[in-house]
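Keeping their order, the protein sequence lines are chains A and B. Counted the way my numbering counts, the first sequence spans residues 264 to 533. Counted the way my numbering counts, the second sequence spans residues 112 to 435. We treat Cβ as the ideally placed atom computed from N, Cα and C, and that holds for glycine. Source: prediction; values computed, not measured.
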Amino acid sequence: MNTRQILIYIGVIIFSIYFLFPLYILILVAFNSPKYTIFSLYPSLLLQAPTLSNLIIGLTQYNFVEPFLRSLGTATLVGVLSIALGIPAGLGLSRLSYKIAYPITLLLLITNMMPSISIAVPIAAEFIRAHLFNTIPGLALAQTLITLPLATFILEGTFSAIPLEIEYQARLDGASVFQALWRILIPMAAPGIVAAFLISWMFSWDEFTFAVILMPITPTLPVEIYYNITRGDMLAAVAFSLIFTIPVVVITLLLQKYLRGEYLAGGIKR
Amino acid sequence: MTIQLIDITKSYGNHVVLNGITQEIEDGEFFVILGPSGEGKSTLLKVIAGIERPDKGKIIVNGKDMTNLPPEKRNIAMVFQNYALYPNMSVYDNIAFPLKMRKMKKEEIKERVMRVAKLLGIQDILDKNVLKISGGQQQRVAIARALVRDPVFFLLDEPLSNLDARTRFVARGELKRIQKEVGKTFIYVTHDQKEAMSLATRIAVLHKGKFEQVGKPLDLYEYPKTKWVAQFIGDFPMNFLPGNYIGEDPNVEVGFRPEWTELGSGIKAVVDSMEAFGESLYLFCTVDEKFKVILPSKEWHDVGDVVKFEIKKYRKYKDGVLSE
């Protein structure tokens, strides 16, 4: 092992600690007796008295299943909407000349700079009229506003990486435009589609501003956690937070195999 | 099965790529379109395939106008330079794809795929992923996919250019054999004049958006219609000198291949450099400090040596065009 590798490892370790430390604290609070954590002035960084009672209290005292399912439904709907609209948009942009596609992409991404809070209120007003207020489809539509430009951007890149010849070849082999899209382009773009889905899904899973304004009565899990904290019920918040991270881990592991670059690179000699 | 191209014109913005190409391609021909890079060879193939629309002109195949048909309705097989294999499918599925699109029965697909796989010697790699096979094998798969159905004719866009020299040589012979066996029209695009010479029934030289000359390989070599063709075809460009050097009208130029000369006596030339090409040596010389000529030689000469040569055979060119 040379110095370069050692330095890389040190870097990786520092980076990992930086990201994993908050998660460690969460686990500590969840499984440690509260007197060593939230009730202590100088909380210990070690597991002093392991216990499951925090979680049992948190999860039995409050109903977390419904907010969890609402979050799951919203996030999945946002993911599906983003790729369903992002695929045609991305494909279309990738086939336009750069001079036209670039300003459109830029414009799409600029919409993301609009603070959610300032558009959430007018959206809420419209949604009340449209009977979309406090509904999963309503919230999903609002969140898609943010995720769709990102998904389109990712998919534009993915489709640009597929050589035009492959599409021509499919057409010459007798495929219609839609057959070529369905049987060749979409399977080839799978890694990009998965990435776009994941990013949209996770954005929605974690999203707060739209959620708290557009769905305050039957909230999603992040908002529910927030309610718990403002009520002073830290233990329930911690228990919910722990549950909150599980689907993220599961869905990432499930889709991980698509996120490898080699899938896209081959087939073509440039 | 004749293919007629009538006044095919295509431009991108102000740049005219194809400038009114009219040509008939006969049944069973190995028709090579030869030209330097960037002269619109690939554009012409795309227009024939239906991927690009011509601005003007018609494509008529067997008396049927195909100009406005989408590519999937033309039944033309094409092999692209990068093979355009579907990376999400195995070798078998790649070859079977055009048949699946025709809704053929499973057993028949299998039978046909097996037949072309045998023809191309790729039976053993049918289950493999197309990314995990060699360049030569990928090229065979691409050709197999073109052969598996009964296309009206074949378009090949520099299919050998991504192979290394040795594989390319073998593949060239094989391509010719396959064409004979299938007995269908091949339209083949290349910038490599050697490849064109060895494969073609007829060669069309594409220059400035037009076919500058169409003819049998030997005719192109012996009687190039223009100075440009004369210098493009052949391992070495044709030499040109003003007519007065051999007692012709000084207004015409005489063109002669290096092999049409003999060293010994006659016109004086100064050797600039030398090159060994196969078994022969070639001298790059200057006549009267103005005209560059290439001469074959049997012995070494030093740079600066003065040699004399005679022209045994020549063609006359007036204003860059073959006269006679």
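Q | Members of the stretch 149-162 of chain B near chain A, C-beta cut-off 7 Å | A | Using a CB distance below 7 Å, the part of the stretch 149-162 of chain B facing chain A consists of Ala-160, Ile-162, ordered along the chain.
**Q.** Near-chain B residues of the stretch 423-435 of chain A - C-beta to any C-beta below 8 Å
**A.** Within the stretch 423-435 of chain A, the residues whose Cβ lies closer than 8 Å to some Cβ of chain B are Pro-426, Glu-428, Ile-429, Tyr-431, Gln-432, Ala-433, Arg-434, Leu-435, listed in chain order.
(Q) Spatial neighbours of A:Gly-530 within its chain, please: C-beta separation below 6 Å, excluding the five flanking residues on both sides. (A) One-based indexing of the first sequence puts residue 530 of chain A at position 267. With a pLDDT of 38 at A:Gly-530, under the threshold of 50, the predicted position of this residue should be treated as unreliable, though the coordinate-derived value follows. Apart from sequence neighbours up to five positions away, no residue of its chain approaches A:Gly-530 with a beta-carbon distance below 6 Å.
**Q.** alpha helix (DSSP H) segment containing A:Ile-373, residue limits
**A.** One-based indexing of the first sequence puts residue 373 of chain A at position 110. In the DSSP assignment, A:Ile-373 falls within the unbroken alpha helix (DSSP H) covering 361-373.
Q.
Taking the straight line between their C-alpha atoms, what separation do you get for A:Ile-514 and B:Gly-146?
A. As a working mapping, residue 514 of chain A is identified with position 251 in the first sequence. As a working mapping, residue 146 of chain B is identified with position 35 in the second sequence. Rounded to whole angstroms, A:Ile-514 to B:Gly-146 spans 54 Å at the Cα level.
Q.
Just to confirm before moving on: does the CB-CB distance between A:Thr-415 and A:Gly-349 stay below 8 Å?
A. In the first sequence, the residue the question calls residue 415 of chain A occupies position 152. In the first sequence, the residue the question calls residue 349 of chain A occupies position 86. For A:Thr-415 and A:Gly-349, yes; Cβs fall inside 8 Å.
Q.
Quick check on B:Asn-193 - is its C-beta less than 8 Å from some C-beta in chain A?
A. Against the second sequence, residue 193 of chain B aligns to sequence position 82. So yes, B:Asn-193 belongs to the interface.
Q: Sort out for me which residues DSSP pairs B:Thr-337 with in a bridge.
A: Taking the second sequence and counting its residues from 1, one reaches residue 337 of chain B at position 226. Answer is B:Val-432, bridged to B:Thr-337.
Q) With 8 Å set as the bound, which would you pick, yes or no: does the beta-carbon of B:Ala-188 sit closer than that to a beta-carbon of chain A? A) In the second sequence, residue 188 of chain B corresponds to position 77, counting from 1. By this cut-off, B:Ala-188 is an interface position.
Q: Please state if the CB of A:Ile-488 and the CB of A:Ala-383 are separated by a distance shorter than 8 Å.
A: On the first sequence, residue 383 of chain A is found 120 positions in, with the first residue counted as 1. On the first sequence, residue 488 of chain A is found 225 positions in, with the first residue counted as 1. Contact: no.
Q. When DSSP labels each residue in this structure, what does A:Ala-424 get in the three-state scheme?
A. In the first sequence, counting from the first residue as 1, residue 424 of chain A sits at position 161. When DSSP states are grouped into helix, strand and coil, A:Ala-424 belongs to the coil group.
(Q) Please state the DSSP three-state secondary structure of B:Met-436. (A) For chain B, the structure presents residues 112 to 435; residue 436 of chain B sits outside this window and is missing.
Q | Proximal residues to A:Lys-472 (C-beta, below 7 Å), its chain only, five neighbours per side dropped | A | The sequence position of residue 472 of chain A within the first sequence is 209, counting from 1. One detail in the question is off: residue 472 of chain A reads as Thr in this sequence, not Lys. If we look at A:Thr-472 and ignore the five residues flanking it on each side, its Cβ neighbours are Ser-379, Ile-380, Ala-383.
Q. Does the beta carbon of B:Glu-218 sit closer than 8 Å to a beta carbon anywhere in chain A?
A. Along the second sequence, one-based indexing puts residue 218 of chain B at 107. B:Glu-218 does not count as touching chain A.
Q) Which residues, in order along the stretch 205-238 of chain B, keep a beta-carbon less than 7 Å from a beta-carbon of chain A? A) Cβ proximity to chain A below 7 Å picks out Phe-208, Pro-209, Met-212, Arg-213 from the stretch 205-238 of chain B.
Q) So what's A:Met-377 in DSSP terms, helix, strand or just coil? A) By one-based count along the first sequence, residue 377 of chain A stands at place 114. A:Met-377 falls in the coil class under three-state DSSP.
Q) chain B beta carbons: is any one of them nearer than 8 Å to that of A:Gly-437? A) The residue you call residue 437 of chain A lines up with position 174 of the first sequence. Yes, A:Gly-437 counts as interfacial toward chain B.
Q | Closer than 8 Å to chain A by CB, B:Pro-198 | A | Numbered from 1 along the second sequence, position 87 holds the residue referred to as residue 198 of chain B. B:Pro-198 counts as touching chain A.
**Q.** Residue interval of the beta strand (DSSP E) (run including B:Ile-144)
**A.** Translated into positions along the second sequence, residue 144 of chain B becomes position 33. Taken as a continuous stretch (DSSP letters only), the beta strand (DSSP E) holding B:Ile-144 covers 141-145.
Q) Does the Cβ of B:Val-281 have 16 or more other Cβ atoms within 10 Å, making it buried, or fewer, making it exposed? A) Within the second sequence, numbered from 1, the residue matching residue 281 of chain B stands at position 170. The residue in question, B:Val-281, is exposed, as its Cβ has fewer than 16 Cβ neighbours within 10 Å.
Q) For the candidate residues A:Val-512, A:Asn-491, A:Ala-433, A:Pro-450, whose alpha-carbon lies nearest to that of A:Trp-464? A) Mapped onto the first sequence, residue 464 of chain A falls at position 201. Selected option, being the one with the closest Cα: A:Val-512.
**Q.** Buried or exposed by the 16-neighbour rule on C-beta atoms within 10 Å, applied to B:Phe-191
**A.** For this step, residue 191 of chain B is matched to residue 80 along the second sequence. Around the beta-carbon of B:Phe-191, 16 or more other beta-carbon atoms lie within 10 Å, marking it buried.
**Q.** Whole-angstrom distance between A:Asn-397 and A:Thr-337, CA atom to CA atom
**A.** Against the first sequence, residue 337 of chain A aligns to sequence position 74. Against the first sequence, residue 397 of chain A aligns to sequence position 134. The straight-line gap separating the alpha-carbon atoms of A:Thr-337 and A:Asn-397 is approximately 12 Å.
Q) What in chain B is Cβ-close to A:Ala-514, meaning under 9 Å? A) Here residue 514 of chain A refers to the residue found at position 251 of the first sequence. As written in the sequence, residue 514 of chain A is Ile, which differs from the Ala given in the question. Within chain B, no residue comes near A:Ile-514; the closest Cβ sits about 23 Å away, beyond 9 Å.
Q: Just the chain B side, please: which residues come within less than 9 Å of A:Ile-447 by C-beta, in chain order?
A: Residue numbering aside, residue 447 of chain A sits at position 184 when the first sequence is read from its first letter. Here the neighbours are Tyr-197, Asn-199, Met-200, Phe-208.
**Q.** Residue range of the alpha helix (DSSP H) that includes A:Val-475
**A.** Against the first sequence, residue 475 of chain A aligns to sequence position 212. Residues 472-477.
Q.
So with CB distances below 8 Å, who are the chain A contacts of B:Pro-182?
A. By one-based count along the second sequence, residue 182 of chain B stands at place 71. Here the neighbours are Tyr-431, Arg-434, Leu-435.
(Q) Is there a C-beta anywhere in chain B that falls below 8 Å from the one on A:Pro-450? (A) For the purposes of this step, residue 450 of chain A is identified with residue 187 of the first sequence, where counting begins at 1. For A:Pro-450, the answer is yes, since a Cβ of chain B falls inside 8 Å of its Cβ.
Q.
Given a cut-off of 8 Å on the beta-carbon distance, is the pair B:Leu-329 and B:Val-398 in contact?
A. As a first step, residue 329 of chain B is located in the second sequence; it is residue number 218 there, counting from the start. As a first step, residue 398 of chain B is located in the second sequence; it is residue number 287 there, counting from the start. Taking the C-beta atoms as reference points, B:Val-398 is found no nearer than 8 Å to B:Leu-329.
Q. Are the C-beta of A:Gln-324 and some C-beta of chain B separated by less than 8 Å?
A. If you number the first sequence from 1, residue 324 of chain A lands on position 61. It does not: the Cβ of A:Gln-324 has no partner Cβ on chain B nearer than 8 Å.
**Q.** Distance, B:Met-308 Cα to B:Lys-295 Cα
**A.** Translated into positions along the second sequence, residue 295 of chain B becomes position 184. Translated into positions along the second sequence, residue 308 of chain B becomes position 197. Put simply, the backbone Cα of B:Lys-295 is about 19 Å away from that of B:Met-308.
Q | Beta-carbon gap between B:Lys-287 and B:Leu-271 smaller than 8 Å | A | Here residue 287 of chain B corresponds to residue number 176 of the second sequence, with the count starting at 1. Here residue 271 of chain B corresponds to residue number 160 of the second sequence, with the count starting at 1. No, these two residues do not count as a Cβ contact at 8 Å.
Q: Return the Cβ separation of A:Thr-314 and A:Ser-296 in integer angstroms, given the expectation that the two are a contact with Cβ distance under 8 Å.
A: As a first step, residue 314 of chain A is located in the first sequence; it is residue number 51 there, counting from the start. As a first step, residue 296 of chain A is located in the first sequence; it is residue number 33 there, counting from the start. Indeed, because the Cβ distance is near 5 Å, the residues count as touching under 8 Å.
**Q.** Same chain, Cβ closer than 8 Å to A:Asn-375, neighbours up to 5 away in sequence not counted
**A.** Start at 1 with the first residue of the first sequence, and residue 375 of chain A comes out as number 112. Excluding sequence neighbours, A:Asn-375 sits near Ile-409, Pro-412, Leu-413.
Q) Would you call the stretch 204-215 of chain B and the stretch 420-438 of chain A in contact, with 3 or more CB pairs under 8 Å? A) Yes: at least three Cβ pairs fall under 8 Å.
Q) Where does B:Gly-161 sit, in a helix, a strand or coil, going by DSSP? A) As a first step, residue 161 of chain B is located in the second sequence; it is residue number 50 there, counting from the start. Reduced to three states, the DSSP call for B:Gly-161 is coil.
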